[in-house]
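Okay, so here's the structure we're looking at.
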Amino acid sequence: SRGVAVVETAMVVSVLLLGIMGVFEYGRIVMIRQLMTKAAHGGARLAVVGTAARPPVTTSQIINTVTNGLVGQVLSNVNVQVFQADPATLANIGAWDTTPYGGAIAVQIDVDYKPILSSTMGIIPNPIHLTAVSVMLSEAN
18 SRGVAVVETA MVVSVLLLGI MGVFEYGRIV MIRQLMTKAA HGGARLAVVG TAARPPVTTS
78 QIINTVTNGL VGQVLSNVNV QVFQADPATL ANIGAWDTTP YGGAIAVQID VDYKPILSST
138 MGIIPNPIHL TAVSVMLSEA N
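In this text, residue positions in the sequence shown follow our numbering: the first is 18, and each later residue adds one.
Right, dumping it as structure tokens:
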């Protein structure tokens with residue numbers, strides 16, 4: 018009778034812990050998506066006002082702003098792109114710093130996020146590819 022109780026407890030506790038870790042993992046993914054969205058927004062804002070700045074803002078300054086917005090999260094394959102975008106499709110149509118007044122400038126962040134648990138038994142892909150894009154209209158040129 019005591020042996021059965023130990024086995025049942027072990028099964029219930031392991032499922033409970035797996036559920037709790039899933040909640041934590043989901044929360045981290047939501048947090049990182051929010052950080053990426055805010056970082057892309059900050060980079061796009063710097064780009065659209067930077068076209069009128071003297072001296073003009075550089076691409077490396079925008080990338081530094083975006084990476085600082087990620088506040089030291091452990092992410093791999095971080096790729097930040099700044100480009101002139103087609104407002105309808107968000108396709109890259111040229112250099113961001115030559116965007117005419119009212120043209121769309123986009124900042125796109127691509128990262129790979131590795132879950133806390135190294136093995137998720139195929140439930141969650143490892144790593145998870147996340148993308149955030151912010152598009153704003155140029156205020157100069």
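Each residue gets a CB set at the ideal place from its N, CA and C atoms; glycine is no exception.
All values derive from a computational prediction rather than experimental measurement.
Please classify residue i: is it buried, with 16 or more other beta-carbons within 10 angstroms of its beta-carbon, or exposed?
i, result
"Y118", "exposed"
"G219", "As displayed, the chain neither begins before 18 nor continues past 158, which places residue 219 out of reach and without an answer."
"F41", "exposed"
"Y43", "exposed"
"V74", "buried"
"A64", "buried"
"T115", "exposed"
"S151", "buried"
"V91", "exposed"
Specify, as a first and last residue, the run of the beta strand (DSSP E) that residue i falls within.
i, result
"V88", "V88 -> no beta strand (DSSP E), and no H or E assigned at all."
Residue i bridges to which residues according to DSSP?
i, result
"L154", "A121"
"T148", "D127"
* Asked: When the Cβ atoms of the region 98-105 are set against those of the region 37-56, are three or more pairs found closer than 8 Å?
  -> no
* Asked: Would you say the region 74-91 touches the region 140-152, given that touching needs at least three Cβ pairs under 8 Å?
  -> no
* Please list the segments of the beta strand (DSSP E) lying wholly inside the region 60-146, counting only runs of 3 or more residues, in order along the chain. => Fully enclosed beta strand (DSSP E) runs of 3 or longer: 93-102, 109-111 and 121-130.
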